[in-house]
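> Structure incoming, see below.
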Amino acid sequence: METPYFEIPCVILCGGKSSRMGEDKALLPFSNYPTLSQFQYERLKPFFKEIYLSSKTDKFNFEKNLILDKENIHSPMVALKNIFETLKNEDKIFIITVDTPFVKIETIEKIINNSQEYSITVAKTEKTHNLCGLFHKSCLSFINKMLEEDIHKVGFLLKNSATKELQFEDEDEFLNMNNKDEYLKAKSIIS
Ligand SMILES: Nc1nc2c(ncn2[C@@H]2O[C@H](COP(=O)(O)OP(=O)(O)OP(=O)(O)O)[C@@H](O)[C@H]2O)c(=O)[nH]1
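Our numbering puts the first residue of the sequence shown at 4, with every later residue one more than the last.
If you want it as structure tokens, here you go:
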């Protein structure tokens, strides 16, 4: 099979509070990398025309492209706003979270290839993976409207946009690390 290459940017969300983890999950060691952020960045980089980390501060100790949030409040909606405003010449951006290191490239390819007529195309297994998918810049006006009204739920954005939820079967692929148990589980899978 040919290695995919996507002519769009990918942005990895790394600026959350990590309150359930108790420490910044973006900076936890993972696999052979000093941090999960670097793992996710290096793993996805070869497949996209550009790759970025989205965060509140430059807390990363490696060479990378970075998009800093302009607002201090913790919210993925704030991150999405800053991403679209920074990459303003891009129509479509692939968004993924730092804490989902097992999402397959074939899955990303399927999402991108099935996104044509939608504003947002995200992965779904039993639940919808709101921040694993392709977002079109047409979302930005609704994101701004939500932020004006202090609404921060990504689910609300999806419900009110032309969203396609693409079904996948492998739940393990979407393992995300919110707490220490999930981190230990992910580490045992990767090593
Ligand atoms: N850039 C940026 N990313 C964010 C922000 N808030 C959340 N994220 C990212 O969005 C993704 C989903 O966040 P969650 O895992 O639900 O929340 P979290 O804040 O990291 O963790 P909890 O405090 O335990 O809920 C993660 O990859 C976060 O790093 C933000 O304000 N700015």
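Built from N, CA and C at the ideal position, the CB exists for glycine as well.
1) In terms of residue numbering, what span does the alpha helix (DSSP H) encompassing residue 115 cover?
2) Residue 9 bridges to which residues according to DSSP?
3) Mapping DSSP to helix, strand and coil, what is residue 125?
4) Can you tell me whether residue 162 is buried or exposed? The criterion is at least 16 other CB atoms within 10 Å of its CB, across all chains shown.
5) Compute the distance between the beta-carbons of residue 154 and residue 139, then report whether it is under 8 Å.
6) Since I believe residue 51 is in contact with residue 87 (beta carbons under 8 Å), could you give me their beta-carbon distance rounded to a whole number of angstroms?
7) Quick check on this structure: which residue in 152, 171, 148, 178 has the alpha carbon closest to the alpha carbon of residue 164?
8) The alpha helix (DSSP H) spanning residue 190 covers which residue range?
9) Compute the Euclidean distance between the alpha carbons of residue 1 and residue 7, then round it to the nearest angstrom.
10) Please find out if some non-hydrogen atom of ligand 1 comes closer than 7 Å to the beta-carbon of residue 106.
11) Taking DSSP's pairing of strands, which residues face residue 168 in a bridge?
12) State the start and end residues of the unbroken alpha helix (DSSP H) segment that holds residue 137.
13) Following a CB-centred definition, is residue 136 positioned closer than 7 Å to any heavy atom of ligand 1?
14) Compute the minimum distance between the beta carbon of residue 24 and the heavy atoms of ligand 1, and state whether it is under 7 Å.
15) Classify residue 38 as helix, strand or coil using the three-state DSSP reduction.
16) What is the residue span of the beta strand (DSSP E) that residue 159 lies within?
17) Using CA coordinates, which residue listed in 126, 130, 160 is at the minimum distance from residue 142?
18) Which residues in the same chain have their Cβ closer than 7 Å to the Cβ of residue 176, if we skip the five residues on either side of it in sequence?
19) State yes or no: is the C-beta of residue 182 within less than 8 Å of the C-beta of residue 24?
So, to answer that:
1) Run containing residue 115: 108-116, per the alpha helix (DSSP H) assignment.
2) Looking at the DSSP output, residue 9 shares a beta bridge with 51.
3) Here DSSP, grouped into helix, strand and coil, assigns residue 125 to strand.
4) For residue 162, the number of other beta carbons within 10 angstroms of its own is below 16, and it is reported as exposed.
5) No. Outside cutoff.
6) At roughly 17 Å, the Cβ-Cβ gap does not stay under 8 Å, so residue 87 and residue 51 are not in contact.
7) The shortest CA-to-CA distance from residue 164 to any of 152, 171, 148, 178 is the one to 148.
8) Counting along the chain, the alpha helix (DSSP H) containing residue 190 begins and ends at 183-193.
9) Nothing about residue 1 can be read from this structure; the chain reaches only from 4 to 194.
10) Answer for residue 106: no, Cβ out of range of ligand 1.
11) In the DSSP output, where bridge partners are listed per residue, residue 168 has 125.
12) Taken as a continuous stretch (DSSP letters only), residue 137 belongs to no alpha helix (DSSP H), being part of the beta strand (DSSP E) at 131-139.
13) Distances from the CB of residue 136 to the heavy atoms of ligand 1 are all 7 Å or more.
14) Yes.
15) Three-state result, residue 38: coil.
16) Note, residue 159: premise wrong, no beta strand (DSSP E); alpha helix (DSSP H) at 157-162.
17) When C-alpha distances from residue 142 are compared across 126, 130, 160, the shortest belongs to 160.
18) Taking C-beta separations shorter than 7 Å and ignoring five residues to either side along the sequence, the partners of residue 176 in its chain run 105, 106, 107, 110, following chain order.
19) Note that the C-beta distance between residue 182 and residue 24 is below 8 Å.
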